[in-house]
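Notes to accompany the following structure.
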Amino acid sequence: MRKIITLLLLIVVLFTSCSGDFKQKMPYEYSDDGTWEGIFLGFWHGMNENYVFWDVDKTDWDNVYRTYLPLFKDLGKYENDDEKNEKAARYFFDIIKGLSDGHLSVTLNLEDDIQGIKAFNISPGVIRLAKRNGTSDDQIFEKNYIDGSLINVIKYLPPEVMRENAYKILAYDFGFSFYDDSNNLKTVIKNHSDFINAEGKTILLYSSRYPIGTTVTRSWGNVTYYNTAEVIGSSGKVNNCFSSWTLMIVLKNTLKDATNPDGTHIYNTDIESIHFAGLSKAKGRNIPSDIVYTSFSDFFITGYVEDEKTKPGVYEYLSSFHDIKANPNAKGMIVDIRGNGGGYNLDREYLFGDIMKEKQLFGYQKTKTGDNRLDFSGLLPVYVYPEAENMSSVYNNTDATHLYNKPFAVLANCYSVSNAEMTVFLAKSMPKGCHIGSTTFGGQGTLGSTFLELNAGQFTVGKYISQVYTPFAQIVDINGVSHEGEGCVPDIEVEFNQSNFEQGIDNRLDKAFSWVDENSIK
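Quick note: to get our numbering, add 384 to the position in the sequence shown (first position is 1).
See the structure below:
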């Protein structure tokens, strides 16, 4: 009987000691007392339990606690006090600036006489990028703190950040024109929007294969092609570079804060996304012929497929892109993701799945399994699958897998991030893959969840820190190596020359074309 009582007591003790783990405070609960100490504790504990990079991040998080807790405690109550606000903002800036997570974005809300609440945003990825040019922490903080946003930090970023993206590449390299001299969307393009006084998205298709106004009936619906002169101007440069090409523009109509004098709402139409693909010919830029080239601003295809209104247009683009890849004369492929900020994971299947003969392992993912700092799962394989589901009819039952064993070059720059960096991982896993350009941004985690779902991810600290934007999973390359916070280093580095680029002389693109051409005969 004594043994039974002892055992029961032991169970009670164990249950009591474990139950505390299940009653840990939520990050926002620490700030209930309205003190800077509580706000700091909420952030520290939130990161301690939900951050997925502690096994690769070199930050001494315990030392952060020891160093900053007394500093925040000295600030006392959260209140409208300019001196306290700036000190608190600088403390958080110094804590966050060295964290590895490239996606991490922390929004600290500060009381302000003019704005009411001033949102101060801190991004270690942007800070690192600014420091590549030798900018000091003090310079970045000063510009960052002026209005709370990162807009003022742009002047410190490498020039390729603002210049080298899909829109500029298509304009300078291939003569496309989407905006007028005042940088407004061209009226002729804007007028194609299906929405005037409402919010919505419209797919516009242009192709070298179809004249103006061609309506094509497909199994997925009717689609219309517009006049190519609207986007290529008078030079016709793109036709000198590609024997066939296809372009998809996604217009987005959004409600603006302002209203008309009569009280009606004002809507704004602009380009949300752009995708281009073509098969090169030896003319114009003196580029080698028969190389598949694609440039796109983001990985938003999945969202357009899920929308019944935009689905027919995006399927038509994917079908045309596939036809270009299926050309048996194609020597290889260039994927230009310079300035691409990422998007949906499933886009990898839509864009590249048709060249895969079988599922392609390109990396591994691991997640948090508990609240302890180093509670991680094992490495879980991440694949690109041979085709997106039910796409055979869209691909017209033609085969593009011949490209798999041919040169596959990825062009990336310092602002290629997230799913764009996964494309670099993909290239490095393929038989003839190569990364050309510069070191990428260094933000490769998987987004989309909160700590309440998967022990990791986004959280808040009450009204004081309205968002801690951070991934719920970490992704490493096929060799198990993390590039978080550092970026992917190119196999062939080519410096960005802004002057040349704006004159249509693209050193990086030329190198990609020559590399594919040279390696296609080996």
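Every residue gets a Cβ at the ideal spot worked out from N, C-alpha and C, and that includes glycine.
Residue i versus residue j: straight-line alpha-carbon distance, rounded
{"i": "D890", "j": "L453", "result": "51 angstroms"}
{"i": "P770", "j": "L745", "result": "11 angstroms"}
{"i": "I506", "j": "S850", "result": "12 angstroms"}
{"i": "S603", "j": "Y475", "result": "58 angstroms"}
{"i": "N789", "j": "S813", "result": "11 angstroms"}
{"i": "G827", "j": "E413", "result": "29 angstroms"}
{"i": "W445", "j": "G727", "result": "30 angstroms"}
{"i": "Y848", "j": "H786", "result": "55 angstroms"}
{"i": "P815", "j": "Y799", "result": "26 angstroms"}
{"i": "I501", "j": "D465", "result": "12 angstroms"}
{"i": "L635", "j": "K574", "result": "8 angstroms"}
{"i": "D607", "j": "I876", "result": "The displayed chain sequence assigns Val, not Asp, to residue 607. One C-alpha to the other measures close to 40 angstroms."}
{"i": "V490", "j": "F856", "result": "15 angstroms"}
{"i": "F477", "j": "I905", "result": "52 angstroms"}
{"i": "V572", "j": "I596", "result": "13 angstroms"}
{"i": "Y551", "j": "N756", "result": "44 angstroms"}
{"i": "S883", "j": "G864", "result": "39 angstroms"}
{"i": "F843", "j": "D439", "result": "20 angstroms"}
{"i": "R512", "j": "N432", "result": "22 angstroms"}
{"i": "K640", "j": "Y449", "result": "43 angstroms"}
{"i": "G754", "j": "S777", "result": "44 angstroms"}
{"i": "I530", "j": "K515", "result": "18 angstroms"}
{"i": "T648", "j": "E548", "result": "38 angstroms"}
{"i": "D417", "j": "F456", "result": "13 angstroms"}
Within 8 angstroms, strictly: CB atoms of residue i and residue j
{"i": "H487", "j": "T854", "result": "yes"}
{"i": "F558", "j": "V615", "result": "no"}
{"i": "A472", "j": "L459", "result": "yes"}
{"i": "A804", "j": "F792", "result": "no"}
{"i": "K665", "j": "S704", "result": "no"}
{"i": "N713", "j": "D738", "result": "no"}
{"i": "L758", "j": "I685", "result": "no"}
{"i": "T419", "j": "K468", "result": "no"}
{"i": "Y779", "j": "H706", "result": "yes"}
{"i": "E583", "j": "T643", "result": "no"}
{"i": "A896", "j": "D783", "result": "no"}
{"i": "V719", "j": "T653", "result": "no"}
{"i": "G829", "j": "V510", "result": "no"}
{"i": "M717", "j": "V676", "result": "yes"}
{"i": "F825", "j": "I862", "result": "no"}
{"i": "I671", "j": "C625", "result": "yes"}
{"i": "Y701", "j": "H659", "result": "yes"}
{"i": "T601", "j": "Y609", "result": "no"}
{"i": "P543", "j": "F880", "result": "yes"}
{"i": "D691", "j": "K570", "result": "no"}
{"i": "V845", "j": "G725", "result": "no"}
{"i": "M775", "j": "G697", "result": "no"}
{"i": "N729", "j": "Y651", "result": "no"}
Same chain, Cβ closer than 7 angstroms to residue i, neighbours up to 5 away in sequence not counted
{"i": "G821", "result": "R722, L795, A796, N797, P874, V878, R892"}
{"i": "V766", "result": "F746, G747, Y748, Q749, I859"}
{"i": "T519", "result": "Y540"}
{"i": "L391", "result": "At L391 the pLDDT is 32, less than 50, meaning the model places this residue with poor confidence; the figure from the coordinates comes in the next sentence. Same-chain partners within the cutoff: there are none."}
{"i": "G888", "result": "Y556, D557"}
{"i": "V900", "result": "I675, K715, G716, I718, P791, A793"}
Chain-order list of residues whose beta-carbon lies under 6 angstroms from that of residue i (same chain, five-residue window excluded)
{"i": "K695", "result": "V689"}
{"i": "F406", "result": "Any reading at F406 must be qualified, since the residue scores a pLDDT of 36, below 50, and its modelled position is unreliable; the value itself is stated next. Cβ neighbours of F406 beyond the five flanking positions: none."}
{"i": "A661", "result": "T630, T678, F705, I708"}
{"i": "F579", "result": "N637"}
{"i": "N568", "result": "none"}
{"i": "S592", "result": "S628, W629"}
{"i": "S681", "result": "A550, S657, I658"}
Cβ-based burial, residue i [other Cβ within 10 Å; buried from 16]
{"i": "L836", "result": "Low confidence applies here, because L836 scores a pLDDT of 48, under 50, leaving its location unreliable; read the following figure in that light. Exposed is the call here."}
{"i": "H429", "result": "buried"}
{"i": "K715", "result": "buried"}
{"i": "G687", "result": "buried"}
{"i": "D522", "result": "exposed"}
{"i": "P645", "result": "exposed"}
Neighbourhood of residue i by C-beta distance below 8 angstroms, restricted to the same chain and skipping five residues each side
{"i": "E742", "result": "P770"}
{"i": "P508", "result": "I480, K481, G482, L483, S484, D485, G486, L488, G869"}
{"i": "K527", "result": "N536, V537, K539, Y540"}
{"i": "S533", "result": "A503, N505"}
Proximity test, Cβ basis, 8 angstroms: residue i and chain D
{"i": "T586", "result": "The chain labelled as chain D is not found in the depicted structure, where only one protein chain is given."}
Worksheet item: What are the complete alpha helix (DSSP H) segments, minimum 4 residues, inside the stretch 528-610?
Response: 544-547, 550-558, 571-574
Item to complete: Mind listing, in chain order, the continuous beta strand (DSSP E) runs of no fewer than 3 residues lying wholly within the stretch 836-876?
Response: Runs found: 843-845, 849-853, 857-861.
Worksheet item: Residue ranges of each beta strand (DSSP E) run of no fewer than 3 residues wholly in the stretch 476-511, ordered along the chain?
Response: Runs of the beta strand (DSSP E) lying entirely within the stretch 476-511, each at least 3 residues long, are 489-496, 500-506 in chain order.
Worksheet item: Mind pulling the beta strand (DSSP E) runs of 3 or more residues that sit fully within the stretch 673-760?
Response: 676-680, 717-720, 744-751
Practice prompt. Mind listing, in chain order, the continuous beta strand (DSSP E) runs of no fewer than 3 residues lying wholly within the stretch 760-825?
Written response: For secondary structure counted as the beta strand (DSSP E) over 3 or more consecutive residues, the stretch 760-825 holds these complete runs in sequence order: 764-768, 792-796, 817-821.
Discussion item. As an exercise, report each continuous beta strand (DSSP E) stretch of at least 3 residues that is fully enclosed by the stretch 612-671, in chain order.
Written reply: Fully enclosed beta strand (DSSP E) runs of 3 or longer: 626-643, 649-664.
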